[in-house]
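Input: a single structure, listed below in structure tokens.
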Amino acid sequence: LVISTKALICAPDSSAVTLSKTKKKPGLERKGKVVTDIKDAVEHYANAYVFTYDNMRNQKLKDLREQLKSSSRIFLAGKKVMQIALGRSPADEAKTGLHKLSKFLQGDTGLFFTNLPRDDVERLFREFEEHDFARTGSIATETVELKEGPLEQFTHEMEPFLRKQGMPVRLNKGAVELVADHIVCEEGKPISPEAAQTLRLLGMQMATFRLYLVCRWSSDDFEVYKEGLAQLRAEADDSS
């Protein structure tokens, strides 16, 4: 079988590629929207705060957003994205003095825009406290020790699972029994996966989601909060 080279050259290309405009990456679009939304918040709210937090719980934050949506807006985004929106120097800041917030956007921080009076905001953040079960790796706030003997809060079906969590247990006449004292976690030390499971079974909520104000900006004032700044520095020390 002989195939003409000329025929090959002249044959129409059935795999022609249609060139179209390159789509923006979803990540870039999201970041761009955050910048736009923050710039919009700068125009619509009289005060802007940087805040930090302990033991973030997304659902609890979502509830807080809903509670405050008529007067305020909360942003949690990448540090650089938020800094770009605010401005990092007097030359590129969205409003006079706003760039001062940017240097405090480090570690676990967010932005809070609001029209609420300062006293109301300070009270809100000071009193905000939501308890939850501790997660693996978080630091135990107390030592939890179970003493040898019956564990009446657990049914016999749970005995194999408890053993997998490292607890020295057995069934004694159908009841779960601890054959030796067992330390679940120690104050000041990281909580293991097994300890996190056990604390949940015991109903012990050792994590507290808290918010701390770091600094506040308004058109005629700028203020730094000592407690929030100390919390931010403590987080930086822990992560270094």
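To convert, note that position 39 of the sequence shown is 39 in the working numbering; the numbers rise steadily by one, no gaps.
Think of the CB as a built atom: it goes at the ideal place given N, C-alpha and C, for glycine as much as any other residue.
Using the three-state DSSP reduction, which class does residue i fall into: helix, strand or coil?
i	result
R170	strand
G228	helix
E223	strand
N58	helix
I183	strand
F113	strand
A140	coil
F154	coil
F51	strand
R216	strand
T208	strand
Using the beta-carbon count (16 or more within 10 Å), is residue i buried or exposed?
i	result
E159	buried
S14	For S14, the pLDDT reaches just 49, beneath the cut-off of 50, and the residue's location in the model is therefore unreliable, although a value from the coordinates is still provided. Classification for S14: exposed.
H277	Given a span of 1 to 240 for the chain in the structure shown, any question on residue 277 remains unanswerable.
G32	exposed
A91	exposed
G203	exposed
V176	buried
T114	buried
L83	The question names Leu, yet the displayed sequence has Gln at residue 83. By the neighbour-count rule (16 or more Cβ atoms within 10 Å), Q83 is buried.
Q153	exposed
G241	One cannot answer for residue 241 here, as it falls past the ends of the chain, which runs 1 to 240.
R170	exposed
H182	buried
V224	exposed
T109	buried
So residue i and residue j are in contact, right, with Cβ under 8 Å, and what is the actual spacing, rounded?
i	j	result
E122	E187	At roughly 31 Å, the Cβ-Cβ gap does not stay under 8 Å, so E122 and E187 are not in contact.
R65	R216	Between R216 and R65 the Cβ distance is about 19 Å, and since that is not below 8 Å, they are no contact.
First and last residue of the beta strand (DSSP E) that includes residue i?
i	result
F125	Where F125 is concerned, there is no enclosing beta strand (DSSP E), although the alpha helix (DSSP H) it sits in stretches over 118-127.
I74	72-75
Taking the continuous alpha helix (DSSP H) assigned at residue i, which residues delimit it?
i	result
H99	99-102
L178	Here L178 belongs to no alpha helix (DSSP H); instead the beta strand (DSSP E) covers 175-178.
Using beta carbons (cut-off 8 Å, strictly below), is residue i in contact with chain C?
i	result
V34	You won't find chain C in this structure, because it holds only one protein chain.
Exercise. Between the region 195-213 and the region 47-63, do three or more beta carbon pairs fall short of 8 Å?
Worked result: yes
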